[in-house]
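The sequence shown: position 154 = 154 (the working numbering), numbered continuously.
Every residue, glycine too, gets a C-beta built ideally from N, C-alpha and C.
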Amino acid sequence: MSRIGRLPIDIPAGVTVSVAGQDVTVKGPKGELSLTVARPIEVAVEENQVLVTRPDDERDSRALHGLTRTLINNNIIGVTQGYTKGLEVVGTGYRVAQKGTAVEFALGFSHPVLVEAPEGITLTVEGNNKVTVAGISKQAVGEAAANIRKIRKPEPYKGKGVRYAGEVVRRKAGKAGK
């Protein structure tokens, strides 16, 4: 049995979980998220707990069991606390500025790069080199942060670029001088 999949998920106060066939909807103070569960996995709500079960020990069922439980748990955390991911802009002349709901990056290109916040995501700028991506969906927050980082990844020689907060960039030695 999956060690993660068999654990019940506690439903906090102020959160409602409804199951309609294979669709699981989670409503909380920050919003509403829904998830379609893969076919062999079954979800049931009993006494302020969500239980995820599988009918057999087939390979696909075992793989989906823990995944489904984790996805439902992530939705419950998202509608109660939300998710955030920090980004840092490192480099001489590299900076970031808030332009309404969008964020403008100056990353050494010949033009500034304007990034619009996707639906359900808020981008906030702290100082001139820190950006915080926040939202209720863990997947959407991670994807938005990855897309911003993709604009100018940290390079290995000087470490310039957009990196996650706390990310360690492995540095390479440059050319050896005479």
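One thing to note: VAL90 has its Cβ within 8 angstroms of the Cβ of ARG163. Taking THR36 as the centre and dropping the five residues before and after it, the same chain places the C-beta of GLN22, ASP23 closer than 7 angstroms to its C-beta, in chain order. Boundaries of the beta strand (DSSP E) harbouring ALA102: 102 to 106, taken from the DSSP string. In this chain, the alpha helix (DSSP H) harbouring ASP60 covers 59 to 80. With 16 or more other CB atoms across the displayed protein chains lying within 10 angstroms of its CB, VAL52 is buried. DSSP places ILE121 within a strand segment (E or B) once states are collapsed to three. When secondary structure is reduced to three states using DSSP, GLN22 falls in the coil class, being assigned neither helix nor strand.
Non-local C-beta neighbours of SER2 in its own chain, meaning closer than 6 angstroms and more than five positions away in sequence, comprise HIS65, GLY66, ordered along the chain.
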